[in-house]
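Have a look at the structure below before the remarks.
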Amino acid sequence: MNPEEVEFLGEKQLISIIPTFNSSTIHLVSGDIGPFRASLPVNVPLWVAVNLKQQRKCKIQPPDWMDVEQLELLKEAEKASRNFVKMPSEHYMIEGKLLLSIATDDIARADEVRTIIKDIWDIRMAKLRSSVNTLITGKSYGNVDNLTIMEINSMRPLIPHAMDQIHRMKMERPRFSTPSQSTSLGLLNSSTVISTFK
Amino acid sequence: MSLCYSYTPNYFSIEDILVTQERIPSKFLVNVPKLGKLNPSAEENDIKQGTALDLPFWLADPLSFARHPLISIELPRVYKEAYREILKADATAVDLHKLGLYFYELGLYVKRLDPRREVEAILLHTFRSRFKELMDFADDVVCDPVKQNRLDMFERTLFQKAHFSRMQLKSWLNNSEMRLEAATMVINHKKRKRIDVDDLF
Amino acid sequence: MDTVENAEDVQSDESEYEEIAHTAAEVLELMEEAWLNEKFAPEILPHKYDIVECLLGQISHVEENLTNVGNDDLRRSLHQMELDRLRYLVSSYLRMRLEKIETYVYFILKQEEERSQKGEENYLNKNELEFAKAYMQSLDQHFTDRLHFWPGNIPTEWKNQLIIPNIHSFVFMKAKNEIEGVMVSHVNEEEEVVDLRTGSQILISYSNVGHFIKTNQSCLI
Amino acid sequence: MYGESACSLVKELDRNRGTLPPYNNELIGEVEKEICHLIQQNVADDFKAHEDSNVGAGLDYTATIRTRHAIIQRNLRCLLAYHYNRLRCLRTMRWEFGSILPPDIKVNLSHAESNWFSKYSSMLATYMRSIGDDGGVNLTIDLNPPKALYIEVKCLVDYGQYELSDGSLVLLKESNRYFLPRAECEDLIRQGVFQHIIN
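Residue numbers (the UniProt record's numbering), protein chains in the order written: chain A, 1 to 198; chain B, 1 to 201; chain C, 1 to 221; chain D, 1 to 199.
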């Protein structure tokens with residue numbers, strides 16, 4: 001899966017916006033959104049929020065966790081823990097990336113927020129790399145609890161493919177030409193040839 | 001396209017056909033009349049019992065693996081003890097590409113010749129000890145060709161796939177929009193055309 | 001293969017599905033899940049054409065209504081964007097299936113044949129099945145024509161050299177509910193048993209968990 | 001060495017991944033010749049062995065026949081792999097170029113391959129038409145997750161008139177830039193007519 005596909009999945013995450021326009025409910029297939037009343041917060045999918053923001057039709061209300069103090073705590077927890085800490089959002093990287101690229105004016109201390117999110121990502125990536133070793137050196141399965149889809153996807157294709165190959169190395173090799181047959185087949189074939197020639 | 005399979009050989013696999021082209025030490029147990037051509041260094045009509053030849057694996061395999069084998073085969077030297085010791089000591093220091101283009105794939109074929117499973121163990125050991133380096137290497141934006149040249153074909157495929165997806169992730173982390181690209185074959189086609197035109201001058 | 005004993009489960013699951021009326025939003029969720037499952041499962045999965053058709057119906061419905069909406073209306077652009085998302089999801093799903101069908105065509109048709117004989121539900125939809133047969137026939141024809149020079153009987157061994165999906169492929173799976181006693185097989189060693197909590201995520205060989213996907217107890221991620 | 005030409009066929013594909021090299025009639029001819037030769041010799045030796053065994057003397061040709069058989073099988077495998085992988089390549093070309101191939105690629109196809117290509121195109125079209133109850137779904141578009149509604153593109157060739165799905169016409173000129181609905185552009189980008197501009 002490429003990152004854009006993961007982003008596609010993450011874009012259905014609901015985000016609170018403050019519209020600058022009025023509109024009745026819009027019946028999308030993925031669910032109704034609205035009604036929109038200027039300056040009243042309302043939840044919409046991330047892809048709608050991004051679109052409205054780009055058209056300057058709303059302000060974004062950043063999710064609670066997108067806050068310097070909270071993120072600092074999260075970062076410390078991630079550093080202190082051997083396991084992966086549960087993230088406040090299944091798609092924290094996607095929300096972070098999209099909102100920080102289009103709505104910096106709506107996010108307090110946006111630059112700091114961006115840095116800490118990146119720090120957390122880096123810490124988790126480093127953890128992931130060191131845990132890969134235990135996978136490669138013998139275990140037949142690996143726990144990936146609390147990893148977000150973008151993080152899981154960062155392991156693809158290398159880790160699963162490497163595990164596939166290790167499995168192959170342990171197995172008996174399948175053969176394309178069945179040898180027990182080939183002797184008899186050799187003679188059989190030529191005799192069928194003979195019969196058609198005669 | 002969107003599905004990403006890991007390598008598994010099949011009847012039509014180009015890789016597997018190239019792997020089975022590798023030669024392995026063989027010795028004829030019987031006379032084979034009329035097929036002297038198999039031995040390029042002799043001009044006799046027949047192959048005599050006891051003749052030792054390096055046969056391509058695709059031929060050595062069916063002739064050796066049957067109820068009445070025509071030949072006996074042995075491990076290629078890179079899977080024998082001397083080389084196993086080198087790999088055991090430090091597999092990351094070895095230029096695997098030099099050892100054999102298809103070190104792992106051929107190894108998987110010939111490991112049955114070693115009932116003590118030491119070949120299997122050395123394949124696993126080699127792969128595992130070199131893996132971390134491969135993973136780091138896939139993260140480098142600019143690939144060092146010297147490093148790449150030390151990988152065997154199988155490691156190289158794995159590396160290329162990993163490198164491609166790591167670079168996708170890197171560019172996702174840095175940019176906001178993905179560029180839509182012309183289809184791969186269309187790009188190749190254009191490149192080729194350009195080369196053709198260059199040839200004219 | 002783990003398909004045989006689970007076929008019944010899959011069927012009962014599907015008939016259950018028909019009884020429940022889904023909202024459009026739920027159908028979309030099911031489509032997303034089917035898309036991910038198909039993307040990561042090495043083998044082809046039972047088709048979800050009921051979902052596909054339902055979603056296609058929604059798409060045409062929205063398209064029709066769009067003609068009544070003004071040109072630069074906000075609604076129009078949001079609906080249009082959503083249509084693009086739905087179209088992508090549906091066609092990407094169908095493309096992936098087609099790719100598997102072509103790659104494993106001999107193997108898949110053999111399995112479908114066996115399913116029909118046992119009176120089991122097919123994995124391919126009627127149109128996919130037709131495509132698969134036409135595709136296989138075109139390969140057969142191409143090879144047979146090429147081998148006309150062969151003295152004597154034209155060999156057909158290659159029809160038995162099936163390209164088979166590697167069901168041992170490692171996949172990332174998420175448990176949708178509690179699953180007890182997942183058997184993790186080891187080569188040359190004893191099996192290990194793992195219990196999964198709801199929401200647990202695990203990297204594991206597909207051969208150990210394929211049936212949990214088909215019985216809707218877990219999904220691939 | 002036996003099987004050499006057959007392997008060269010496969011190596012040729014390996015060297016040219018992502019493109020389709022000209023159909024190698026000459027090499028295929030050599031492979032066919034080798035196969036025919038080996039089969040005929042096997043038939044002759046088999047026949048002779050039968051005769052000899054009736055007389056109660058003569059050479060044992062079993063080893064020779066078995067060896068030749070292995071070589072025949074190898075030749076067959078390479079020959080089929082060559083044709084199979086070319087078809088897979090053609091299949092990808094159908095998805096990437098559409099149902100009409102550029103002329104300089106077309107010349108690389110054998111007659112049978114051209115036929116297969118049209119056959120594949122038409123079975124794919126039949127399948128795509130059969131999806132849903134609304135005249136079908138074109139699976140060769142919507143290849144990427146949608147992002148923005150409109151995208152900016154640069155035209156790389158003098159394309160001429162292009163009809164948008166709402167019926168309006170655009171004149172596409174080389175190096176001009178256009179702001180068009182993404183869905184309308186995808187195909188032309190893939191065919192290399194447009195280049196996607198990201199500011």
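All C-beta atoms in this analysis are idealised placements derived from N, C-alpha and C, irrespective of residue type, glycine included.
Since the structure is predicted, the reported quantities are computational estimates derived from the model, not experimental observations.
Next item on the list: Give the range of the beta strand (DSSP E) segment to which Tyr-141/A is assigned.
Entry: 141 to 143 is the extent of the beta strand (DSSP E) around Tyr-141/A.
Next item on the list: Under 8 Å Cβ to Cβ from Ile-221/C, same chain only, skipping five residues before and after it: list those, please.
Entry: Only Leu-36, Phe-40, Phe-172, Met-173, Lys-174, Gln-201 meet the Cβ criterion.
Notebook entry, point to check: Since Ile-15/A and Leu-46/A are thought to touch, with beta carbons under 8 Å apart, how far apart are those beta carbons, to the nearest angstrom?
Noted result: About 5 Å separates the CB atoms of Ile-15/A and Leu-46/A; that is less than 8 Å, so the two are in contact.
Next item on the list: Enumerate in chain order the residues of its own chain whose CB-to-CB distance from Ala-70/D is below 8 Å, with the five nearest sequence positions on each side excluded.
Entry: Excluding residues within five positions, none has a Cβ falling inside 8 Å.
Next item on the list: Please name the residues in the stretch 72 to 98 of chain C whose beta-carbon is closer than 9 Å to at least one beta-carbon of chain A, in chain order.
Entry: Shown in chain order are the members of the stretch 72 to 98 of chain C whose Cβ falls below 9 Å from a Cβ of chain A: Leu-74, Arg-75, Ser-77, Leu-78, His-79, Met-81, Glu-82, Leu-83, Arg-85, Leu-86, Tyr-88, Leu-89, Ser-92.
Check: If you draw a straight line from the C-alpha of Glu-181/B to the C-alpha of Asp-187/D, how long is it?
Finding: Pairing Glu-181/B with Asp-187/D, the inter-Cα distance amounts to about 10 Å.
Next item on the list: Could you check what DSSP says for Ser-177/A in three-state terms: helix, strand or coil?
Entry: Summary for Ser-177/A: the model assigns pLDDT 49, below 50, so the residue's position carries little reliability; its value from the coordinates is reported in the next sentence. Looking at Ser-177/A - three-state DSSP - the assignment turns out to be coil, as it is neither helix nor strand.
Notebook entry, point to check: Could you check where the alpha helix (DSSP H) with Ala-60/B kicks off and where it finishes?
Noted result: Where Ala-60/B is concerned, the enclosing alpha helix (DSSP H) starts and stops at 57 to 64.
Checklist line | Sequence-distant residues of its chain with Cβ nearer than 6 Å to Ile-189/D (five each side left out) | finding: Around Ile-189/D, the same chain offers His-196 as residues with beta carbons nearer than 6 Å, after the five sequence neighbours per side are excluded.
Next item on the list: Give the range of the beta strand (DSSP E) segment to which Val-193/C is assigned.
Entry: For Val-193/C, the enclosing beta strand (DSSP E) covers residues 192 to 196.
Note to self: Quick check on this structure: which residue in Arg-166/B, Arg-150/B, Lys-170/B, Glu-22/B has the alpha carbon closest to the alpha carbon of Arg-77/B?
What the structure shows: Here the closest residue by C-alpha is Glu-22/B.
Next item on the list: Please decide whether residue 210/B counts as near chain D, where near means a Cβ-Cβ distance under 8 Å.
Entry: Residue 210/B lies beyond the stretch modelled for chain B, which goes from 1 to 201, so this question has no answer here.
Next item on the list: Answer with yes or no whether the minimum CB distance from Ser-16/A to chain C is below 8 Å.
Entry: No, its Cβ sits nowhere closer than 8 Å to a Cβ of chain C.
Check: So, helix, strand or coil for Tyr-104/B, using DSSP?
Finding: Here Tyr-104/B sits in helix by DSSP.
Item checked: As assigned by DSSP and simplified to three states, the class of Arg-150/B -> Coil.
Next item on the list: Please check the pair Leu-74/C and Ser-23/A, which I expect to be a contact at CB under 8 Å, by giving their CB distance rounded to whole angstroms.
Entry: With a Cβ gap of about 7 Å, Leu-74/C and Ser-23/A count as contacting.
Checklist line | Residues of the stretch 122 to 147 of chain D whose Cβ lies closer than 7 Å to any Cβ of chain A, in chain order | finding: Correct list: Asn-144, Pro-145.
Checklist line | For Lys-88/B, the residue or residues it bridges with in DSSP | finding: When DSSP reads this structure, Lys-88/B sits in no beta bridge, so it has no partner.
Next item on the list: Classify Cys-54/C as helix, strand or coil using the three-state DSSP reduction.
Entry: The three-state reading of DSSP puts Cys-54/C in helix, counting H, G and I together.
Note to self: Against chain D, with Cβ distances strictly below 8 Å, would Glu-4/A count as a contact?
What the structure shows: With 8 Å as the cut-off, Glu-4/A counts as an interface residue toward chain D.
Notebook entry, point to check: Hey, how far is the Cα of Asp-14/D from the Cα of Arg-146/C?
Noted result: C-alpha separation (whole angstroms): 21 Å.
Notebook entry, point to check: Of all Cβ atoms in chain B, is any one closer than 8 Å to the Cβ of Cys-7/D?
Noted result: Yes, Cys-7/D lies at the interface with chain B (some Cβ there is under 8 Å from its Cβ).
Notebook entry, point to check: Does the Cβ-Cβ distance between Arg-94/D and Gly-3/D come in under 8 Å?
Noted result: Taking 8 Å as the Cβ cut-off, Arg-94/D and Gly-3/D do not qualify as a contacting pair.
Checklist line | Bridge partners - residue 211/A, DSSP secondary structure assignment | finding: The question about residue 211/A has no answer here: the residues shown for chain A are numbered 1 through 198.
Note to self: Suppose the cutoff is 7 Å on Cβ atoms and the five residues either side in sequence are ignored; what does the same chain contact list for Ala-6/D look like?
What the structure shows: Excluding residues within five positions, the ones whose Cβ falls inside 7 Å are Val-31, Arg-74, Asn-75, Cys-78, Leu-79.
Notebook entry, point to check: Alpha carbon to alpha carbon, what distance is there between Ala-132/C and Ile-164/C?
Noted result: The alpha-carbon of Ile-164/C is positioned some 15 Å away from that of Ala-132/C.
Next item on the list: Could you name the residues of the same chain whose beta carbon sits closer than 7 Å to that of Ser-218/C, not counting the 5 residues immediately before and after it, in chain order?
Entry: Within its own chain, the residues whose Cβ lies closer than 7 Å to the Cβ of Ser-218/C, once the five positions on either side in sequence are excluded, are Met-173, Lys-174, Ala-175, Lys-176, Ile-179, Val-209, Phe-212, listed in chain order.
Next item on the list: Tell me, please, whether the stretch 186 to 200 of chain C touches the stretch 146 to 156 of chain C by the rule of three or more beta-carbon pairs shorter than 8 Å.
Entry: Short answer: they don't touch.
Margin query: Quick check on the burial criterion: 16 or more other C-beta atoms within 10 angstroms. Buried or exposed for Gly-181/C?
Written below: By the 10 Å Cβ count, Gly-181/C comes out exposed.
Item checked: Contact between the stretch 59 to 70 of chain C and the stretch 100 to 118 of chain D (3+ Cβ pairs under 8 Å) -> Contact between the stretch 59 to 70 of chain C and the stretch 100 to 118 of chain D is absent, because fewer than three Cβ pairs lie under 8 Å.
Notebook entry, point to check: Is there contact here, the stretch 120 to 127 of chain B with the stretch 28 to 45 of chain B, by at least three beta-carbon pairs under 8 Å?
Noted result: By the Cβ test, the stretch 120 to 127 of chain B is not in contact with the stretch 28 to 45 of chain B, since fewer than three Cβ pairs between them sit closer than 8 Å.
Item checked: Straight-line gap, Glu-15/B to Pro-9/B (C-alpha atoms, nearest Å) -> Their Cα atoms are separated by approximately 7 Å.
Notebook entry, point to check: How about Glu-112/C and Leu-124/C: do their beta carbons lie closer than 8 Å?
Noted result: Cβ atoms of Glu-112/C and Leu-124/C: closer than 8 Å.
Check: Using the beta-carbon of each residue, which ones in chain C are nearer than 8 Å to Leu-3/B?
Finding: Those within 8 Å of Leu-3/B in chain C are Lys-39, Met-96, Glu-99, Lys-100.
Item checked: Proximity below 8 Å, CB of Ser-168/D to CB of Cys-155/D -> Contact flag unset, no.
Notebook entry, point to check: Ile-107/A and Met-66/A: beta carbons closer than 8 Å?
Noted result: The answer is yes: Cβ separation under 8 Å.
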